[in-house]
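**Student:** Sharing a structure below in structure tokens format, with a few things to ask.
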Ligand code: 3HC
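Below, the structure written as structure tokens:
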């Protein structure tokens with residue numbers, strides 16, 4: 673399939689990444705079906721797109737008319753058949769757990785047209801293993817966006833063992849049509865490139881605090897003002913979702929070994945369901961707008 677043949681995009685998952693990817697596709701002029709398993713999840717994702725488009729218009733990154741037109745291109749959907757039945761490309765952004773993703777692909781395969789390309793937004797999981805539950809591993813690859821998708825330029829395009837070259841090229845061209853910069857990842861290893869570097873950085877920051885060697889505020893000041901990253905490690909973990917980073921790390925630990933052992937602080941945040949901005953509390957407290965500085 674060539675990029676010119678792509679007209680309709682389905683995005684599975686309306687969470688942080690799913691709604692952001694749907695927004696990016698809609699801004700680029702594609703008709704998008706955004707699907708989640710419950711009406712309230714899809715509605716929440718839709719409202720977040722509405723908020724984000726409003727912000728982009730407020731900051732003159734889009735005109736009001738462009739923002740309205742993008743929103744009109746997004747169709748919130750709960751039924752899988754309605755979401756993927758006429759899709760040229762299906763971008764999956766459901767929770768970062770192998771079993772959940774495999775179940776979703778079983779259902780997608782039932783309704784997706786033969787021509788459709790499957791692109792997973794997994795942050796770390798094996799593309800080859802996920803592709804193996806479908807009947808089209810040559811039409812399957814990774815398409816990994818970064819949070820917030822509407823602001824981050826990079827997209828990792830990851831080849832599985834059986835991905836066809838023309839699938840990778842079509843997805844790279846689609847990323848460019850989305851106004852992103854694709855980078856090809858040749859090796860299907862946990863965390864690919866960005867998360868292989870970024871998640872251990874977050875974990876190491878947690879180890880420092882777990883072992884009482886530094887405070888969260890000290891670590892974040894250092895990463896932001898000393899290393900020149902746009903956000904502190906804890907601030908970024910709160911933005912992306914502490915559970916997302918944790919699942920990536922667990923998988924890296926399982927496949928790559930001891931060096932990736934999760935720190936007690938990382939683990940405790942997931943256990944207590946303090947997952948960052950999306951739950952109102954993570955390493956920082958967002959109930960009052962996220963201004964509390966933890967020690
Ligand atoms: N849509 C629209 N506007 C948004 C937004 C969104 N999704 N998210 C934030 N904004 C708004 C803010 O509300 C703020 O508006 P305000 O000024 O009215 O309060 C405004 O954008 C801030 O934008 P600025 O350009 O003024 O601020 P920055 O220059 O700080 O840019 C940023 C914001 C682009 C988010 C920057 O801080 C950044 O690059 N942060 C790092 C993000 C990052 O590293 N992401 C990768 C994470 S890893 C990942 O996603 C992989 C996964 O697999 C774990």
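Residue numbers (my numbering): 673 to 967. Ideal placement from N, C-alpha and C gives every residue a C-beta, glycine not left out. Source: prediction; values computed, not measured.
(1) Which one or two residues does DSSP pair with residue 791 in a beta bridge?
(2) To the nearest angstrom, how far is it from the Cα of residue 842 to the Cα of residue 882?
(3) Using 8 angstroms for Cβ pairs, my map puts residue 938 next to residue 918. What's the rounded Cβ distance?
(4) Span of the beta strand (DSSP E) holding residue 856?
(5) Am I right that residue 718 and residue 745 are in contact with their C-beta atoms under 8 angstroms? What's the rounded C-beta distance?
(6) Name the two residues that bound the continuous beta strand (DSSP E) containing residue 748.
(7) Using 6 angstroms as the cut-off, classify the Cβ of residue 823 as near or not near the heavy atoms of ligand 1, replying yes or no.
(8) Spell out a yes or no on whether the region 726-742 and the region 756-775 are touching, meaning 3 or more CB-CB pairs, one atom from each, closer than 8 angstroms.
(9) Quick check: does the Cβ of residue 727 come within less than 6 angstroms of any heavy atom belonging to ligand 1?
(10) Residue 966 to residue 822, Cα distance in whole Å?
(11) Under a Cβ-count criterion, where at least 16 other Cβ atoms within 10 Å of its own Cβ denotes burial, should residue 897 be classed as buried or exposed?
(12) Is the beta carbon of residue 839 sitting closer than 7 angstroms to the one on residue 813?
(13) Taking 6 angstroms as the cut-off, is the CB of residue 688 close to at least one heavy atom of ligand 1?
(14) Quick check: does the Cβ of residue 891 come within less than 6 angstroms of any heavy atom belonging to ligand 1?
(15) Would the C-beta of residue 818 count as close to ligand 1, meaning under 6 angstroms from any of its heavy atoms?
(16) Beta carbon of residue 761, beta carbon of residue 725: below 7 angstroms?
(17) Given a threshold of 16 other Cβ atoms within 10 Å of its Cβ, counted over all protein chains shown, does residue 952 qualify as buried or as exposed?
(18) When you measure from the CB of residue 902 to every non-hydrogen atom of ligand 1, does any distance come out below 6 angstroms?
(19) Just the C-alpha distance for residue 862 and residue 902, rounded to the nearest angstrom, thanks.
(20) At a cut-off of 6 angstroms, is residue 696 close to ligand 1 when judged by its beta-carbon and the heavy atoms of the ligand?
(21) I'd like to confirm something about residue 827: is its beta-carbon nearer than 6 angstroms to some heavy atom of ligand 1, or not?
(22) If I follow the unbroken alpha helix (DSSP H) through residue 849, where does it start and stop?
(23) Quick one: is residue 711 buried, meaning 16 or more other Cβ sit within 10 Å of its Cβ, or exposed?
(24) Alpha carbons only, please: which of 683, 879, 833 is nearest the one belonging to residue 757?
(25) If we count the other Cβ atoms within 10 Å of its Cβ and call it buried at 16 or more, is residue 830 buried or exposed?
(26) Please work out which residues of its chain come closer than 8 angstroms, Cβ to Cβ, to residue 959, disregarding the five sequence neighbours upstream and downstream, and give them in chain order.
(27) Three-state secondary structure (DSSP) at residue 680?
(28) Taking the C-alpha atoms as reference points, what is the distance between residue 729 and residue 695?
(29) Where DSSP assigns a beta bridge to residue 903, which residues make up the other side?
(30) Using beta-carbon positions only, say whether residue 852 and residue 911 come within less than 7 angstroms of one another.
(31) Just to check, is the beta-carbon of residue 912 closer than 6 angstroms to a non-hydrogen atom of ligand 1?
(32) Once you ignore the five residues that flank residue 734 on each side, which residues in its own chain have a CB closer than 8 angstroms to its CB?
**Tutor:** Well, looking at it:
(1) In the chain shown, the residue the question calls residue 791 occupies position 119. Answer is 763, 813.
(2) For the purposes of this step, residue 842 is taken as the residue at position 170 of the chain shown. For the purposes of this step, residue 882 is taken as the residue at position 210 of the chain shown. Those two C-alpha atoms are separated by around 45 angstroms.
(3) What you label residue 938 is simply residue 266 of the chain shown in a count that begins at 1. What you label residue 918 is simply residue 246 of the chain shown in a count that begins at 1. Right, the Cβ-Cβ distance comes to about 6 angstroms (below 8 angstroms), so this counts as a contact.
(4) Here residue 856 refers to the residue found at position 184 of the chain shown. According to the DSSP assignment, residue 856 belongs to the beta strand (DSSP E) that extends over 853-857.
(5) Mapped onto the chain shown, residue 718 falls at position 46. Mapped onto the chain shown, residue 745 falls at position 73. Contact flag wrong, Cβ pair sits at about 12 angstroms.
(6) To locate residue 748, count along the chain shown from 1; it is residue 76. Its beta strand (DSSP E) spans residues 746-749.
(7) Here residue 823 refers to the residue found at position 151 when the chain shown is read from its first residue. Yes.
(8) no
(9) What you label residue 727 is simply residue 55 of the chain shown in a count that begins at 1. True, at least one ligand heavy atom lies under 6 angstroms from that Cβ.
(10) Here residue 966 refers to the residue found at position 294 of the chain shown. Here residue 822 refers to the residue found at position 150 of the chain shown. Here residue 966 scores only 46 on pLDDT, less than 50, and its place in the model should not be relied on; the value that follows carries that caveat. About 29 angstroms.
(11) For the purposes of this step, residue 897 is identified with residue 225 of the chain shown, where counting begins at 1. By the neighbour-count rule (16 or more Cβ atoms within 10 Å), residue 897 is not buried but exposed.
(12) In the chain shown, counting from the first residue as 1, residue 839 sits at position 167. In the chain shown, counting from the first residue as 1, residue 813 sits at position 141. Yes. Within cutoff.
(13) Locating residue 688 in the chain shown gives position 16, counting from the first residue. No, the Cβ of residue 688 stays beyond 6 angstroms of every heavy atom of ligand 1.
(14) Within the chain shown, the letter at position 219 stands for residue 891. For ligand 1, not one heavy atom lies less than 6 angstroms from the Cβ of residue 891.
(15) For this step, residue 818 is matched to residue 146 along the chain shown. Checking every heavy atom of ligand 1 against the Cβ of residue 818, one is found closer than 6 angstroms.
(16) In the chain shown, counting from the first residue as 1, residue 761 sits at position 89. In the chain shown, counting from the first residue as 1, residue 725 sits at position 53. No, these two residues do not count as a Cβ contact at 7 angstroms.
(17) What you label residue 952 is simply residue 280 of the chain shown in a count that begins at 1. It is exposed - the Cβ of residue 952 has fewer than 16 other Cβ atoms within 10 Å.
(18) Position 230 of the chain shown, counting from 1, holds the residue named residue 902. Yes - ligand 1 has a heavy atom lying nearer than 6 angstroms to the Cβ of residue 902.
(19) Counting from one through the chain shown, the residue named residue 862 turns up at place 190. Counting from one through the chain shown, the residue named residue 902 turns up at place 230. In a straight line, the C-alpha of residue 862 is about 24 angstroms away from that of residue 902.
(20) Taking the chain shown and counting its residues from 1, one reaches residue 696 at position 24. No, since every heavy atom of ligand 1 falls outside the 6 angstroms radius drawn around the Cβ of residue 696.
(21) The residue labelled residue 827 in the question sits at position 155 within the chain shown. The answer is no for residue 827.
(22) Along the chain shown, one-based indexing puts residue 849 at 177. Looking at the DSSP string, the run of the alpha helix (DSSP H) that includes residue 849 is 837-849.
(23) Indexing the chain shown from 1 puts residue 711 at position 39. That one is exposed.
(24) By 1-based counting over the chain shown, the position of residue 757 is 85. When only C-alpha atoms are compared, the closest one is 683.
(25) Along the chain shown, read from residue 1 onward, the residue named residue 830 stands at position 158. With 16 or more neighbouring CB atoms inside 10 Å of its own CB, residue 830 falls in the buried class.
(26) For the purposes of this step, residue 959 is identified with residue 287 of the chain shown, where counting begins at 1. Taken in chain order, the residues that qualify are 952, 953.
(27) If you number the chain shown from 1, residue 680 lands on position 8. Strand.
(28) Sequence index remark: in the chain shown, residue 729 carries index 57 (1-based). Sequence index remark: in the chain shown, residue 695 carries index 23 (1-based). Those two C-alpha atoms are separated by around 13 angstroms.
(29) For the purposes of this step, residue 903 is taken as residue 231 along the chain shown, with counting starting at 1. Residue 903 pairs with nothing; no bridge assigned.
(30) Here residue 852 refers to the residue found at position 180 of the chain shown. Here residue 911 refers to the residue found at position 239 of the chain shown. The Cβ atoms of residue 852 and residue 911 do not sit closer than 7 angstroms to each other.
(31) Within the chain shown, residue 912 is the residue found at index 240, counting from 1. Between ligand 1 and the CB of residue 912, the shortest heavy atom gap is smaller than 6 angstroms.
(32) Taking the chain shown and counting its residues from 1, the one referred to as residue 734 is at position 62. Hits under 8 angstroms: 699, 725, 728, 742.
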